[in-house]
Amino acid sequence: AGQPHKRRRTSEPSEIEERLESLICRVGEKSNSSLESNLEGLAGVLEADLPNYKSKILRILCTVYVWSARLLPEKLTVYTTLVGLLNARNYNFGGEFVEAMIRQLKECLKVNMYNEAVHLVRFLSDLVNCHVIAAPSMVAMFENFVSVTQEEDVPQVRCDWYMFAFLSSLPWVGKELYEKKDAEMDRLLSQTESYLKRRQKIHVPMLQVWTADKPHPQEEYLDCLWSQIQKLKKDRWQERHILRPYLAFDSVLCEALQHNLPPFTPPPHTEDSVYPMPRVIFRMFDYTDDPEGPVMPGSHSVERFVIEENLHCIIKSHWKERKTCAAQLLSYPGNNKIPLNYHIVEVIFAELFQLPSPPHIEVMYTTLLIELCKLQPGSLPQVLAQATEMLYMRLDTMNTTCVDRFINWFSHHLSNFQFRWSWEDWSDCLTQDLEKPKPKFVREVLEKCMRLSYHQRIIDIVPASFSVLSPANPVCIYKYGDESNRSLPGYTVALCLTIAIKNKASNDEIFSILKDVPNPNQDDDDGEGFTFNPLKIEVFVQTLLHLAAKSFSHSFSALAKFHEVFKTLAESDEGKLHVLRVVYEVWKNHPQMIAVLVDKMIRTQIVDCAAVANWIFSSELAHDFTRFYIWEILHSTIRKMNKHVLKIHKELEETKARLARQHKR
């Protein structure tokens with residue numbers, strides 16, 4: 001009988017830990033009782049458990065805080081209030097918590113976790129509101145942050161980050177710091193202003209989505225934040241969006257003893273430091289875009305900053321789970337006071353169009369928007385359609401890379417909604433030169449839609465007037481297939497090849513059929529039989545691709561089966577270039593097939609990256625130079641080359657190291 005009792009007692013601590021963790025994690029969630037009474041109750045429970053479980057509670061609070069501030073940024077003030085209540089009941093615990101947070105901050109900065117560090121700074125600053133940290137010591141820490149701008153020979157992005165960490169905490173704590181230390185704060189803000197004036201901003205044009213400042217300027221992120229903080233200061237630090245549960249406990253918290261932050265010296269810059277890159281604040285909506293609903297905060301109001309920060313945070317935490325991500329975005333608090341759908345759509349496009357590259361893979365944003373449309377079918381699709389219309393109207397000044405991402409997103413989105421769109425509204429593009437952004441955009445969207453559907457479907461969904469922009473029927477052009485072309489050189493060889501390939505001929509048989517093809521560049525032929533002969537390449541590649549035209553898989557099998565023939569014919573650089581020319585001639589109406597075949601030929605080393613680059617920049621491809629698929633091929637080729645170079649470089653370094661070891665021996 002004694003045995004079970006004993007076992008139960010040993011498992012108790014872990015049960016209590018789990019209970020504590022669950023209580024701490026769930027505080028602030030919707031429940032029948034008020035947030036205040038939940039916080040008070042939890043503080044009582046934790047206080048009772050402190051004597052036995054102090055280190056566990058500290059650990060849970062630190063990890064839960066970091067977890068929650070990133071997953072549910074709006075819960076930050078709930079946790080600071082909880083720490084405030086615990087500090088008021090147990091001064092030593094408050095001190096140990098602050099020390100643990102500072103340790104964590106230093107650790108984050110050491111390992112380049114700057115996004116996490118921003119949240120830690122924000123959390124510490126909000127502890128000032130909860131009477132856990134004394135305001136003067138927080139001001140002193142910010143003075144050290146701002147003094148980084150005086151360091152010599154450090155990259156600007158280092159100074160930028162410390163500036164951002166300081167300014168982005170002020171929506172939470174600006175009022176409190178100003179009441180206690182106004183002279184010091186004024187000095188900090190004037191130092192900030194002088195730094196922002198002397199900053200280099202040559203990067204801004206490269207990062208802007210539009211070259212025009214109308215209707216909304218695309219501001220550099222620190223400039224925009226600075227304008228928001230200046231307006232906040234002018235409004236006497238009154239901010240209307242952040243939940244502040246500690247106000248309800250003012251009488252308890254103001255009696256609490258406060259802690260001074262230990263002196264904080266920003267870790268020095270090293271070669272391994274990697275700071276966040278500067279960015280531009282994407283704007284596409286203002287209060288006039290949603291006249292019916294709640295008013296959208298102005299672009300320089302600090303509420304806009306807080307809302308956008310929190311929405312970006314939610315995406316960053318949940319981007320791998322689109323359903324959770326969409327649900328979290330839509331349940332963002334205060335949605336009756338702000339036009340939430342507009343904010344969400346703007347933030348998603350801000351990430352999708354972020355230059356040089358989006359924070360997450362592009363397709364994630366498409367699936368997230370589809371999920372949001374499913375959850376809010378009555379309102380979100382309308383906002384998205386309005387946004388698409390605006391993006392279309394502003395195509396003339398849009399960055400080309402962003403236009404490409406817009407094409408990819410829009411075509412993929414349409415394919416999930418039966419390709420329904422009011423194309424007539426865009427008929428203005430039909431009267432423009434076809435090389436202009438709008439007609440070009442529509443043409444590329446329809447081309448991409450065809451990849452996600454089939455040719456006839458696309459012809460059926462667009463009005464007949466759009467035929468000039470509709471994709472060509474993606475059929476194979478086989479020049480030896482027409483009787484009228486009998487006089488073409490190589491015509492009879494092509495017929496023999498067709499029969500041979502259909503009869504499953506070996507590579508040697510193919511070589512012997514090709515042996516008799518005359519070389520148009522007769523003078524160059526030195527009798528070897530297999531120097532560069534454009535006609536041999538033409539007859540072989542045309543015939544093989546025509547016979548394998550049924551699908552990608554058929555074409556891939558053909559490349560694999562006759563790999564040796566390809567390698568021999570395309571031995572010289574001229575040969576490789578000519579293979580690519582023939583692929584283009586056969587499939588010029590099917591850009592996707594060209595892209596897929598070129599990709600396969602690079603992988604199987606029939607052609608090399610240099611040949612693809614020379615082909616793309618050749619005069620015969622000039623008319624397609626601004627087409628989407630050409631750049632798709634080029635980017636994919638460059639990525640492969642980079643990967644190859646990195647691999648070779650690594651092998652070289654390893655070999656050098658081995659050699660050095662042998663020398664030592």
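Residue numbers (UniProt numbering): 1 to 665. Beta carbons are placed, not taken as given, at the ideal position from N, Cα and C, and that holds for glycine.
Exercise for the section: Give the straight-line distance between the Cα atoms of Phe305 and Val345, rounded to the nearest whole angstrom. Expected result: 15 Å
Problem - Beta-carbon proximity check, Lys600 vs Phe562, cutoff 7 Å - result: In this structure, Phe562 does not lie closer than 7 Å to Lys600 by Cβ.
Handout entry: Backbone CA spacing between Ala248 and Gln208 [nearest angstrom]
Key = 44 Å
Handout entry: Of the listed residues Glu651, Pro381, Thr543 and Cys325, nearest to Ile510 (C-alpha basis)
Key = Thr543
Handout entry: His546 vs Cys476 beta-carbon contact at 7 Å
Key = yes
Practice task
Would you mind stating whether Thr77 and Leu243 have Cβ atoms separated by less than 7 Å?
Solution key: Closer than 7 Å, so yes.
Exercise for the section: Report yes if the C-beta distance between Val539 and Ala494 is below 7 Å; otherwise report no. Expected result: yes
Exercise for the section: Measure the alpha-carbon distance for Leu514 versus Tyr478 and round it to whole angstroms. Expected result: Approximately 18 Å, taken between the alpha carbons.
Practice task
State the DSSP-derived secondary structure class of Glu74, mapped to helix, strand or coil.
Solution key: helix
Handout entry: Sequence ranges, alpha helix (DSSP H) only - wholly within the region 192 to 228, length at least 4
Key = 204 to 207
Exercise for the section: Answer yes if the region 432 to 441 comes into contact with the region 392 to 406, meaning at least three C-beta pairs across the two stretches below 8 Å, and no otherwise. Expected result: yes
Handout entry: Test item: CB-CB of Asn260 and Ala134 under 7 Å
Key = yes
Exercise for the section: Run through the region 297 to 352 for me and flag every whole alpha helix (DSSP H) of 4 or more residues, listed as ranges in chain order. Expected result: 302 to 318, 322 to 330 and 340 to 352
Handout entry: Assigned secondary structure, Gly529 (DSSP; H/G/I helix, E/B strand, else coil)
Key = Caution applies to Gly529, whose pLDDT of 48 falls short of 50 and renders its modelled position unreliable; the value that the coordinates give is listed next. Three-state result, Gly529: coil.
Problem - Beta carbon of Val462 nearer than 7 Å to that of Trp409 - result: no
Practice task
With a threshold of 16 other CB atoms inside 10 Å of the CB of Cys449, please say whether the residue is buried or exposed.
Solution key: Cys449 is buried by the Cβ-count criterion.
Problem - Glu447 classed as buried or exposed, judged by whether at least 16 other C-beta atoms fall within 10 angstroms - result: buried
Exercise for the section: For Val403, name the three-state secondary structure that DSSP assigns. Expected result: Correct three-state label for Val403: helix.
Exercise for the section: Please list, in chain order, all residues of the same chain as Glu574 whose beta carbon is under 6 Å from its beta carbon, the five residues on each side excluded. Expected result: Phe532.
Exercise for the section: Pick helix, strand or coil for Val280, following the three-state DSSP scheme. Expected result: strand
Handout entry: Residue closest to Pro267, alpha-carbon to alpha-carbon, out of Ser636, Met113 and Leu355
Key = If we check each option's Cα against that of Pro267, Met113 comes out closest.
Handout entry: Limits of the unbroken alpha helix (DSSP H) element including Thr265
Key = Taken as a continuous stretch (DSSP letters only), Thr265 belongs to no alpha helix (DSSP H), as it is neither H nor E.
Handout entry: Beta-bridge pairing of Met477 - partner residues as DSSP gives them
Key = Checking the sequence, you will find Ile at residue 477 rather than Met. Paired residue(s): none; Ile477 is not in a bridge.
Practice task
Going by CA-CA distance only, name the one from Trp615, Arg19 and Ser147 that's closest to Ser194.
Solution key: Ser194 has its Cα closest to that of Ser147, out of Trp615, Arg19 and Ser147.
Practice task
Please check the pair Gln354 and Arg283, which I expect to be a contact at CB under 8 Å, by giving their CB distance rounded to whole angstroms.
Solution key: Going by Cβ atoms, the distance from Gln354 to Arg283 rounds to 13 Å, so no, they are not a contact pair.
Handout entry: Minimum C-alpha distance to Lys175 - residue among Ile606, Thr211 and Met138
Key = Met138
Problem - Residue range of the alpha helix (DSSP H) that includes Gly95 - result: Residues Tyr91 to Lys110.
Handout entry: Endpoints, the alpha helix (DSSP H) within which Val582 is located
Key = Asp573 to Trp587
Problem - C-beta contact flag for Ala117 and Leu109 at 7 Å - result: Yes. Within cutoff.
Exercise for the section: Put Ile60 into one of helix, strand or coil per three-state DSSP. Expected result: helix
Exercise for the section: Inspect the beta-carbon positions of Leu82 and Leu124 and report whether they are closer than 7 Å. Expected result: no
Practice task
Whole angstroms is fine: what's the gap from Tyr480's alpha carbon to Ala595's?
Solution key: 23 Å
Handout entry: Residue interval of the alpha helix (DSSP H) (run including Gly174)
Key = Leu170 to Lys180
Practice task
May I ask you to verify whether the region 265 to 281 touches the region 370 to 386, counting CB pairs closer than 8 Å and requiring at least 3?
Solution key: Contact between the region 265 to 281 and the region 370 to 386 is absent, because fewer than three Cβ pairs lie under 8 Å.
Practice task
Return yes when the Cβ of Trp226 is within less than 7 Å of the Cβ of Tyr178, no when it is not.
Solution key: no
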